[in-house]
Amino acid sequence: MEGIRANGLVKRFGGTLALDGVDLEVRPGEIVSLVGTNGAGKSTLVRILATTVMPDDGTATVGGYDVVAEAQRARGVTGLMLGDERAWYWRISGRRNLEFYAALARLRRAEAQRRCAELLEEVGLAEHADRRVGDYSSGMRARLGLARALLGRPPAVLLDEPTRSVDPIGAEGFRDRLTALAGDGGTAVLMTTHDLGEAASVAGTVVVLGAGRVRAVIPGGGDPAELHDAMRSLVPA
Amino acid sequence: MSTLRIVIAFVRRDWAVSRSYRLPFVLELVSMVATLALFFYVGHLIGPSPSKGLPHGYFAFAAIGLAFIRLLQVGLVSFTSRVRDEQLTGTFETLMATSTPPSIVILAEATYDQLRAVVGGLVMMVLAVTIFGLTLDTGVASLLVCAVAVAATLILFSALGVGVAAFTVVFKQTGAVVGLLVVGLAFLAGAYFPIDVLPAPLRAIADVLPFSWSLDVLRSGLLRDSADVERLAGLCAVAAASIPVALLIFRAALRSARRSGTLAHY
Numbered sequence: 001m002e003g004i005r006a007n008g009l010v011k012r013f014g015g016t017l018a019l020d021g022v023d024l025e026v027r028p029g030e031i032v033s034l035v036g037t038n039g040a041g042k043s044t045l046v047r048i049l050a051t052t053v054m055p056d057d058g059t060a061t062v063g064g065y066d067v068v069a070e071a072q073r074a075r076g077v078t079g080l081m082l083g084d085e086r087a088w089y090w091r092i093s094g095r096r097n098l099e100f101y102a103a104l105a106r107l108r109r110a111e112a113q114r115r116c117a118e119l120l121e122e123v124g125l126a127e128h129a130d131r132r133v134g135d136y137s138s139g140m141r142a143r144l145g146l147a148r149a150l151l152g153r154p155p156a157v158l159l160d161e162p163t164r165s166v167d168p169i170g171a172e173g174f175r176d177r178l179t180a181l182a183g184d185g186g187t188a189v190l191m192t193t194h195d196l197g198e199a200a201s202v203a204g205t206v207v208v209l210g211a212g213r214v215r216a217v218i219p220g221g222g223d224p225a226e227l228h229d230a231m232r233s234l235v236p237a
Numbered sequence: 001m002s003t004l005r006i007v008i009a010f011v012r013r014d015w016a017v018s019r020s021y022r023l024p025f026v027l028e029l030v031s032m033v034a035t036l037a038l039f040f041y042v043g044h045l046i047g048p049s050p051s052k053g054l055p056h057g058y059f060a061f062a063a064i065g066l067a068f069i070r071l072l073q074v075g076l077v078s079f080t081s082r083v084r085d086e087q088l089t090g091t092f093e094t095l096m097a098t099s100t101p102p103s104i105v106i107l108a109e110a111t112y113d114q115l116r117a118v119v120g121g122l123v124m125m126v127l128a129v130t131i132f133g134l135t136l137d138t139g140v141a142s143l144l145v146c147a148v149a150v151a152a153t154l155i156l157f158s159a160l161g162v163g164v165a166a167f168t169v170v171f172k173q174t175g176a177v178v179g180l181l182v183v184g185l186a187f188l189a190g191a192y193f194p195i196d197v198l199p200a201p202l203r204a205i206a207d208v209l210p211f212s213w214s215l216d217v218l219r220s221g222l223l224r225d226s227a228d229v230e231r232l233a234g235l236c237a238v239a240a241a242s243i244p245v246a247l248l249i250f251r252a253a254l255r256s257a258r259r260s261g262t263l264a265h266y
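If you're matching them up, the sequences are chains A and B in order. Position 88 of the first sequence, counting from 1, maps to 88 under this note's numbering, and the rest follow consecutively. Position 25 of the second sequence, counting from 1, maps to 25 under this note's numbering, and the rest follow consecutively.
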């Protein structure tokens, strides 16, 4: 299955040009980190790929499906974790929340229960699975968000600042999980982050976005200072 | 099968959320009894008046109207309030990003509320019979006619509700519109009084509204042991045609929100 591809994506919000001809490719089994200053267009790009925002121009595919013309099919092969930790039903437990989304991902009841238990264990929430989400910390909700993104074993995963509220040890576990997903599972992973160390360490490629354009494409595994310099050059003195 | 599983998942979710708030169940029951008592005593003042379209008395007329209003409120309010809740909690965007088609999501969103409204309407009728001595025709034929009429009415109100929810997707706050619609439709459908007492122009409008057909069918079935088959058929036809139209409007609203990038806004 194909990974994630964007060609010449343009998006305007009123007079603001959020994306100005963005090209991007994430191959199966690859992790691409998207970094950039606030307002660079990272979340807009993720939302276009997740089909919740429509581009004004350009094309994008996830798993080979066009995110506009074949949006429903594209959703079926995409795991999504947005930065919004509120996006849960706070009065019910983490397990019930996940099982609800598992049904929406077309898993049968028994399979859904098994998959949810497995994912809760993987993200370190097994002990807290039956507590209300309202009682979770924001880091725990972020972990639950990763579990939700992986429910249907999607071949492509989009993560918007996934480790923003996660503690350092949890974040390390998060990165290990992503590496395993891409390495063993062949999943195409696109994640946005403000943590340059994380971007450099986990990704095969780091894409620097600035004012809606791709400003630099840097191989992962390098020095975060190089990324820092690339970003610094985008900020007016 | 998978659509049914999704609908059940929504019902289970909403049941779990509702159970976490216990007081409303009790308060709802108390409120039903209080409302019925109010109309029971108003009925005493009016008494049976066949010339004004109240051959079984005002209470019998109003009790069915009240049960109808429950369906109306749920049909109109629940879709838009569910969408609004999802917008406020941030879950609307995540729902719209799942592989479940939005048309199934929006219809499933209000299933729990609709089931609750039907049960609530039934409980209201039971309370009206057992506490306030209302006499209903409970023959198999009239119950069957009423069941079909209730189902068609729910579908019709749902279509209207989905249409209003579409506006909520685009304009976010539509509470005032919904309130106006509930009052306006309850007024024109003849929930509280026979439409015969309305001025001629309003009566003409009320006559062509399928909502008043629904009440006519329910009242004739439950109070007079007769079925207004023509109106029932008309009601079913309008209900069946209304859902696809409403879903088209909802899809257009989603497209507009996706285009303007406001799907996640509230």
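Glycine included, each C-beta is placed from N, C-alpha and C at the ideal position. Note that the coordinates shown come from a computational prediction; the quantities given were computed from them, not determined experimentally.
Residue i at chain A interface by Cβ criterion, 9 Å
i, result
"residue 244/B", "no"
"residue 27/B", "no"
"residue 106/B", "no"
"residue 100/B", "yes"
"residue 17/B", "yes"
"residue 21/B", "yes"
"residue 222/B", "no"
"residue 116/B", "no"
"residue 219/B", "no"
"residue 93/B", "yes"
"residue 97/B", "yes"
Short CB-CB distance (under 9 Å) between residue i and chain B
i, result
"residue 84/A", "yes"
"residue 70/A", "no"
"residue 326/A", "Here chain A has residues from 1 to 237 only, and residue 326/A is not among them."
"residue 26/A", "no"
"residue 114/A", "no"
"residue 50/A", "yes"
"residue 136/A", "no"
"residue 108/A", "yes"
"residue 96/A", "yes"
"residue 99/A", "yes"
"residue 187/A", "no"
"residue 11/A", "yes"
"residue 104/A", "yes"
"residue 4/A", "no"
"residue 41/A", "no"
"residue 129/A", "no"
Beta carbon of residue i nearer than 9 Å to that of residue j
i, j, result
"residue 212/B", "residue 246/B", "no"
"residue 185/B", "residue 124/B", "no"
"residue 202/A", "residue 216/A", "no"
"residue 239/B", "residue 136/B", "no"
"residue 51/A", "residue 78/A", "yes"
"residue 25/A", "residue 48/A", "no"
"residue 42/A", "residue 35/A", "yes"
"residue 131/A", "residue 173/A", "no"
"residue 86/A", "residue 80/B", "no"
"residue 189/A", "residue 166/A", "no"
"residue 120/A", "residue 152/A", "no"
"residue 262/B", "residue 75/A", "no"
"residue 13/A", "residue 31/B", "no"
Discussion item. Could you tell me which whole alpha helix (DSSP H) segments of length 4 or greater appear in the region 39-88 of chain A?
Written reply: Entirely contained in the region 39-88 of chain A, the alpha helix (DSSP H) runs reaching 4 residues are, in chain order, 42-49 and 71-76.
Worksheet item: In chain order, which alpha helix (DSSP H) runs of at least 4 residues are fully inside the region 76-106 of chain B?
Response: 79-89 and 91-96
Practice prompt. Spell out a yes or no on whether the region 42-50 of chain B and the region 153-171 of chain B are touching, meaning 3 or more CB-CB pairs, one atom from each, closer than 8 Å.
Written response: no
Worksheet entry | Cβ pair count under 8 Å reaching 3, the region 106-115 of chain B against the region 190-202 of chain B | no
Fill in: Under 7 Å (Cβ pairs) to chain B, residues found in the region 53-66 of chain A
53 and 54
Worksheet item: How do the region 27-42 of chain A and the region 68-77 of chain B stand: do at least 3 beta-carbon pairs fall below 8 Å, yes or no?
Response: no
Worksheet entry | Cβ pair count under 8 Å reaching 3, the region 2-9 of chain A against the region 51-69 of chain A | Between the region 2-9 of chain A and the region 51-69 of chain A, the count of Cβ pairs shorter than 8 Å is three or higher; the stretches touch.
Worksheet item: Is there contact here, the region 189-204 of chain A with the region 161-180 of chain A, by at least three beta-carbon pairs under 8 Å?
Response: yes
Discussion item. For the pair the region 93-104 of chain A and the region 173-184 of chain A, tell me if three or more CB-CB distances fall below 8 Å.
Written reply: As far as the Cβ criterion goes, the region 93-104 of chain A does not touch the region 173-184 of chain A, which means the pair count is below three.
Worksheet item: Taking Cβ-Cβ distances below 7 Å as the criterion, which residues of the region 229-263 of chain B are in contact with chain A?
Response: Only 258, 259, 261 and 263 from the region 229-263 of chain B bring a Cβ to less than 7 Å from some Cβ of chain A.
Discussion item. Beta carbons nearer than 8 Å to chain A: which residues of the region 61-89 of chain B have them?
Written reply: 89
Worksheet item: Hey, is the region 78-90 of chain A in contact with the region 139-159 of chain A, meaning 3+ C-beta pairs nearer than 8 Å?
Response: Yes: at least three Cβ pairs fall under 8 Å.
Discussion item. Could you check whether the region 157-175 of chain B touches the region 57-65 of chain B, counting it as contact only if at least three pairs of C-beta atoms, one from each stretch, sit closer than 8 Å?
Written reply: Between the region 157-175 of chain B and the region 57-65 of chain B, the count of Cβ pairs shorter than 8 Å is below three; the stretches do not touch.
Worksheet item: Would you say the region 98-109 of chain B touches the region 1-15 of chain B, given that touching needs at least three Cβ pairs under 8 Å?
Response: yes
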